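Number of protein chains: 2
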Amino acid sequence: MRHTIAATLVPALLLAAAPVLAAPDRIAAAATLRDKALDTGAYALLEDLTTTVGQRLAATPAEQRGRDWAVKAMKAAGLVNIKVEPFPMPVWERGIETAEVVGAFPQKLTIAALGYSGATPAAGITAPVAYFADYAALEAAAPGSLAGKIAFIDHRMMRAQDGSSYGTNGVVRRAGPALAASKGAVATLIRSIGTDNHRNPHTGSTVWQDRKALTAAAALSVPDAEQLARLVARGPVTLKLVITPTFNPDGQSANVSGEIPGSGARSEIIVIGGHLDSWDLATGTIDDGAGMAITLSAARAIKDAGLKPRRTIRVVFWGAEEAGIWGGRAYAEAHKAENIVLAAESDFGADRVWRVSSKVAETGLPLIAEINRTLAPLGVAPTRDNGAGGGADVAPLGAMGAGILELEQDGTRYFDLHHTPDDTFDKVDKAQLDQNVAAWAAAVWLAASDDRPLRTKAN
Amino acid sequence: MRHTIAATLVPALLLAAAPVLAAPDRIAAAATLRDKALDTGAYALLEDLTTTVGQRLAATPAEQRGRDWAVKAMKAAGLVNIKVEPFPMPVWERGIETAEVVGAFPQKLTIAALGYSGATPAAGITAPVAYFADYAALEAAAPGSLAGKIAFIDHRMMRAQDGSSYGTNGVVRRAGPALAASKGAVATLIRSIGTDNHRNPHTGSTVWQDRKALTAAAALSVPDAEQLARLVARGPVTLKLVITPTFNPDGQSANVSGEIPGSGARSEIIVIGGHLDSWDLATGTIDDGAGMAITLSAARAIKDAGLKPRRTIRVVFWGAEEAGIWGGRAYAEAHKAENIVLAAESDFGADRVWRVSSKVAETGLPLIAEINRTLAPLGVAPTRDNGAGGGADVAPLGAMGAGILELEQDGTRYFDLHHTPDDTFDKVDKAQLDQNVAAWAAAVWLAASDDRPLRTKAN
Numbered sequence: 183m184r185h186t187i188a189a190t191l192v193p194a195l196l197l198a199a200a201p202v203l204a205a206p207d208r209i210a211a212a213a214t215l216r217d218k219a220l221d222t223g224a225y226a227l228l229e230d231l232t233t234t235v236g237q238r239l240a241a242t243p244a245e246q247r248g249r250d251w252a253v254k255a256m257k258a259a260g261l262v263n264i265k266v267e268p269f270p271m272p273v274w275e276r277g278i279e280t281a282e283v284v285g286a287f288p289q290k291l292t293i294a295a296l297g298y299s300g301a302t303p304a305a306g307i308t309a310p311v312a313y314f315a316d317y318a319a320l321e322a323a324a325p326g327s328l329a330g331k332i333a334f335i336d337h338r339m340m341r342a343q344d345g346s347s348y349g350t351n352g353v354v355r356r357a358g359p360a361l362a363a364s365k366g367a368v369a370t371l372i373r374s375i376g377t378d379n380h381r382n383p384h385t386g387s388t389v390w391q392d393r394k395a396l397t398a399a400a401a402l403s404v405p406d407a408e409q410l411a412r413l414v415a416r417g418p419v420t421l422k423l424v425i426t427p428t429f430n431p432d433g434q435s436a437n438v439s440g441e442i443p444g445s446g447a448r449s450e451i452i453v454i455g456g457h458l459d460s461w462d463l464a465t466g467t468i469d470d471g472a473g474m475a476i477t478l479s480a481a482r483a484i485k486d487a488g489l490k491p492r493r494t495i496r497v498v499f500w501g502a503e504e505a506g507i508w509g510g511r512a513y514a515e516a517h518k519a520e521n522i523v524l525a526a527e528s529d530f531g532a533d534r535v536w537r538v539s540s541k542v543a544e545t546g547l548p549l550i551a552e553i554n555r556t557l558a559p560l561g562v563a564p565t566r567d568n569g570a571g572g573g574a575d576v577a578p579l580g581a582m583g584a585g586i587l588e589l590e591q592d593g594t595r596y597f598d599l600h601h602t603p604d605d606t607f608d609k610v611d612k613a614q615l616d617q618n619v620a621a622w623a624a625a626v627w628l629a630a631s632d633d634r635p636l637r638t639k640a641n
Numbered sequence: 183m184r185h186t187i188a189a190t191l192v193p194a195l196l197l198a199a200a201p202v203l204a205a206p207d208r209i210a211a212a213a214t215l216r217d218k219a220l221d222t223g224a225y226a227l228l229e230d231l232t233t234t235v236g237q238r239l240a241a242t243p244a245e246q247r248g249r250d251w252a253v254k255a256m257k258a259a260g261l262v263n264i265k266v267e268p269f270p271m272p273v274w275e276r277g278i279e280t281a282e283v284v285g286a287f288p289q290k291l292t293i294a295a296l297g298y299s300g301a302t303p304a305a306g307i308t309a310p311v312a313y314f315a316d317y318a319a320l321e322a323a324a325p326g327s328l329a330g331k332i333a334f335i336d337h338r339m340m341r342a343q344d345g346s347s348y349g350t351n352g353v354v355r356r357a358g359p360a361l362a363a364s365k366g367a368v369a370t371l372i373r374s375i376g377t378d379n380h381r382n383p384h385t386g387s388t389v390w391q392d393r394k395a396l397t398a399a400a401a402l403s404v405p406d407a408e409q410l411a412r413l414v415a416r417g418p419v420t421l422k423l424v425i426t427p428t429f430n431p432d433g434q435s436a437n438v439s440g441e442i443p444g445s446g447a448r449s450e451i452i453v454i455g456g457h458l459d460s461w462d463l464a465t466g467t468i469d470d471g472a473g474m475a476i477t478l479s480a481a482r483a484i485k486d487a488g489l490k491p492r493r494t495i496r497v498v499f500w501g502a503e504e505a506g507i508w509g510g511r512a513y514a515e516a517h518k519a520e521n522i523v524l525a526a527e528s529d530f531g532a533d534r535v536w537r538v539s540s541k542v543a544e545t546g547l548p549l550i551a552e553i554n555r556t557l558a559p560l561g562v563a564p565t566r567d568n569g570a571g572g573g574a575d576v577a578p579l580g581a582m583g584a585g586i587l588e589l590e591q592d593g594t595r596y597f598d599l600h601h602t603p604d605d606t607f608d609k610v611d612k613a614q615l616d617q618n619v620a621a622w623a624a625a626v627w628l629a630a631s632d633d634r635p636l637r638t639k640a641n
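Rendered as C-alpha cells:
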C-alpha cells in the first residue's frame, strides 16, 4: 500500500531536491495522502495502547508505562530525536468513594471524586443536602448559608457538536466546589458534566485557589443526580459521604516527543500531538489515546509515503493534561526559544473531523485555504474563523506566537464518554478514526511543505 | 378524566346487573379502557417506587420496604383483601468485588458477582486465566483441565426483540460457573449476558447443584470482557480476584397481593402482576418495577372506570424472583386449591407490547381473539401461538393448569439494562409504559368480564 503511494507521486517529490515544492505538486501529494492514508494503523496503535497500558493517571507509574509505550511507538513509526522531558507536579490519587442516603429512603449513590478533591475523614461525613438547580443558584446563595451542608449542584449539560456546552458548563466542575466551600459547604456533589444517562460519573479536575480551603468534591452519575433531585423534591435529604483521595506535592510527569526533521528548514517546527495521560476510571481511549494515535499515524503516513517535508514535523505527547495542563505549560516554557511555526493538538475523541479553524498570520491564510480545499472531500467544512485557541496543550504555544491549526472533531457523543469509566476501546469507530488520520496527514504535509510565515508573533 | 370514562360507558355497565355482559358491551368497554387508560399514573407510581425504595434485593430489609410500599400502593389503588404471604429462603448478599490483571499489563477490571457466587478468601486469589470463546468450548474442556485456573467464558449475546437470545445465552451464567468448577476452576468470570457496551456488569443468579462445590463467579462488563480477551490474545494472563459475598440459609421473603373481587364469579381468579424484588445494583426499574406499575395501574383503570368484572382480578407482586423464582413457586403451592383461571406476568421492561401469546383451553381461544382485535390499534400483533409459558412467576401456575396470557414487550433494548447498575428510572419512556397499561387494562377486563373456560387442566 505504501509502495503504491510512493509510486504514484511525481518523481520530483522523491528526488526532494527543491526545498519548496511547486504548489500543484504539494497539493497533489496531499490529496494522495488524504486518499491513501485511510488505513494507516491508527486503530491497531490505539488498541495496543489502551489494552497494554490502560489508564495513565498523571504522575503515576501508569503514566510512566504510557511514556515507555510512546517511545517505542515513535521509534516504530520512524521518528528520530526522541526525547522524554520531565517536569515536577503534584500527584492526586483516588481513594475510597461512597455516597449513601440515610434516613427514610436509604440507598447508595454512585459517585467519582473530582481531581484535587479534598478528603473526608476515613469514617466519612454525614450532613444535610443544600440543593442548587444550577450554578447561578449557587452563586446567589448568601455567604455562610451552606455551613455544615453538602452542596448539590444539579446543573444540566446539553449535547453540542462543537463542544461548546463544555465551555459553558465546565465551570460547575472547575469552580463549583471552591465556591460552595467559600459559603460554608462541608462537601460538594455535582451532577456529572456529561450528556449520557449511564451510571458512570464524569470526573475531571476542580480548582482551589487556596488548598487550605479544600473540601471533598465528587460527581454523581447523571441517573444518580436525577435520583437525588427526586429525593430532594420529597423533603430534606441527609447524605453520608466517604471520599479519601491522597495528594502528594512532589511528583513528576514528562512530555515525550519525536521528529521527522525538515529537509529544507529544519528549525521551522510544526508541533502536532495529543496528551499522554488520562483519567483513571477507564483506558483513556477517546481522551486522549485517539489523539496520540491519530497524530503519530499522520506523521508516519507522510514518512512512509516517501515525502520529505521542508519543515520539521514534531509529534509531542504531553503529560498531565487532565491534571491541569502541566505538560502543555512545561513544554511551552522549555521550548520558547524555538521557532515553532504551527501547533495543533488532537484532543476531542475519535469521531470525524468536520471543520477547520486556525489562528495564523495573514501570510498563512492561503495555506489554510489549501488545507480547506484538500479536506473538503472528507466532508470537512471550511475554516470558521482565524481566531482558534487550539487544544489545551498547544494554547500556551499559541499565546507565545505559534500559529494554531484546529481540525475540529464531531463532539456529538464525546461528552457521553469523557472522563467516565466508559472511555474504552469499544467506543472507537475505525472508519471515523481513519478519517482523522487522512485529514491530519494531508493538512500537516501541506503546512510542512510550505514556506509561508504562520506565526502571529515573532519569537 | 376518570369521570369522563365512566360517563362514556353504556349505563348497563354501571348497573352491573348481569353477571356476563353481552359481547358488544364488553368489547366497547375494553376499547374505552384501551383509549382512555393511556395516562393512569403508572409513570408516577414507578417513579415513587424506584425513588423511595430503590433496589429490593430478595430477603433483605430493602425488599421489606418494597412490600410496605406495595401494600400502600394497592390500598391507594382501591384493591381489597390485601395479603402479605411470607416464605422461607436463603439470603445472598454482595461483598467486596475487585478484579485486576497482574504482571506486565497491570490494570483493574470491572466485575459484579453473580447471585449465589461463592467467596474467595478475603485476601483474594491469584491464578492464570483459561479462556473459552463460548460455552461449547468450556463444555469440551477435559476433566481436571482447569485445575488452579480462573475460567473466562467470553460468550457473546446478540440483540433480539423477543428476548430469545436470553434463552440461548442465559445458560452461560446459570450453568457456566458450576461446569467450570467441576473441571477444576478456582473461579469463573463470564462476559456479561447483555447487549450493551457500557462499564456496567450484568449480574444474575448462577446455579450450584452442590453448594460444597462453590467457587467465586462474577460477570465482567462487556468492555472489560473485550479488554481481557485482547490481553489473552497477547499471551498468558494472571488475575487477582477478591469476591466476598455472604450466604445465610435462614432468610424470609413474601408475596403481596390484593383484589378487585369478582361480581359474578368471585372464585374464578385472574392473577396478574410483576415481581417485587430486584437485583441490588440499581433501582429495579425495568426489572421489574415496571411490571408492578403496569399491572397495578391496569387494575386501577378498570376499577376507576366503574366497571364490575365478573371474575376476580388479583394483582400479585411476587418476592424473590431474581434469586430463583422463590415467590412464584411458593405462591403456586399455597394457592393450588384455588380456581386460578388465567395468569399473566409483566416482567420484560417498560417498552411497548408488540405481540400477544397464550396457553388456554380451546374454549378460551375466542377470548384471545377478542384481545387481539382490541389491542390491534395499539400496534399489537395477533397471538403467535397457544403454547406460551408465561413469565417466570406464573409458569408454576400454568404448570398446574391455569390459562396463561402473555403481553409480549419489545425487548430490543431490555438486555442493555437487565441486571445492571443502569436499570434506573431515566430509562423509562412514559408513552411506552402507558401503552402497556392500556393493553393490560383492556385485555384483563376482557378476560375478567368473560365466562368461557380458560384452564388447560381442571383443578
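If you read the sequences in order, they're chains A and B.
To get the numbering used here, take the position in the first sequence, counting from 1, and add 182.
To get the numbering used here, take the position in the second sequence, counting from 1, and add 182.
All C-beta atoms in this analysis are idealised placements derived from N, C-alpha and C, irrespective of residue type, glycine included.
Just so it is clear, the structure is predicted and the values come from calculations on it, not from any experiment.
What does residue i pair with, by DSSP beta-bridge criteria?
| i | result |
| --- | --- |
| Arg412(A) | Beta-bridge pairing links Arg412(A) to no other residue. |
| Gln591(B) | Val535(B) |
| Pro270(B) | Gln434(B) |
| Lys541(A) | Ile586(A) |
| Gly456(A) | Phe499(A) |
| Val283(B) | Gln289(B) and Leu421(B) |
| Lys265(B) | Ser439(B) |
| Pro310(B) | Thr420(B) |
Given a threshold of 16 other Cβ atoms within 10 Å of its Cβ, counted over all protein chains shown, does residue i qualify as buried or as exposed?
| i | result |
| --- | --- |
| Val262(B) | exposed |
| Gln409(A) | buried |
| Asp533(A) | buried |
| Thr428(B) | exposed |
| Asp598(B) | buried |
| Ile278(A) | exposed |
| Gly358(A) | buried |
| Pro491(B) | buried |
| Arg496(A) | buried |
| Lys257(A) | exposed |
| Ala189(A) | Below a pLDDT of 50, predicted positions are generally treated as unreliable, and Ala189(A), at 37, falls in that range; the measurement from the model is reported next regardless. Its Cβ having fewer than 16 others within 10 Å, Ala189(A) is exposed. |
| Glu515(A) | exposed |
Would you say residue i and residue j are within 7 Å of each other, going by their C-beta atoms?
| i | j | result |
| --- | --- | --- |
| Val535(A) | Ala475(A) | no |
| Arg381(B) | Pro383(A) | no |
| Ala480(A) | Val619(A) | yes |
| Thr565(A) | Ser539(A) | yes |
| Val438(B) | Val266(B) | yes |
Could one say the Cβ of residue i lies closer than 7 Å to chain A's Cβ atoms, at least one of them?
| i | result |
| --- | --- |
| Ala200(B) | Model confidence at Ala200(B) stands at a pLDDT of 41, short of 50, so the residue's coordinates are unreliable; what they give is reported in the following sentence. No, Ala200(B) lies away from the interface with chain A (no Cβ there is under 7 Å from its Cβ). |
| Asp608(B) | yes |
| His337(B) | no |
| Thr234(B) | yes |
| Arg412(B) | yes |
Shorter than 7 Å from the beta carbon of residue i to some beta carbon of chain B?
| i | result |
| --- | --- |
| Glu408(A) | yes |
| Phe314(A) | no |
| Phe287(A) | yes |
Could you tell me which chain A residues have their CB closer than 7 Å to the CB of residue i, listed as they occur along the chain?
| i | result |
| --- | --- |
| Asp604(B) | His380 and Arg381 |
| Pro405(B) | Thr606 and Asp608 |
Name, please, each residue of chain A whose Cβ falls closer than 8 Å to the Cβ of residue i.
| i | result |
| --- | --- |
| Phe597(B) | Within chain A, no residue comes near Phe597(B); the closest Cβ sits about 15 Å away, beyond 8 Å. |
What in chain B is Cβ-close to residue i, meaning under 9 Å?
| i | result |
| --- | --- |
| Glu229(A) | Arg412 |
| Thr428(A) | What Thr428(A) touches in chain B: nothing, since even the nearest Cβ is about 17 Å away. |
| Gln237(A) | Gln289 and Lys290 |
Name the chain A residues that come within less than 9 Å of residue i, Cβ to Cβ?
| i | result |
| --- | --- |
| Thr292(B) | Pro603 |
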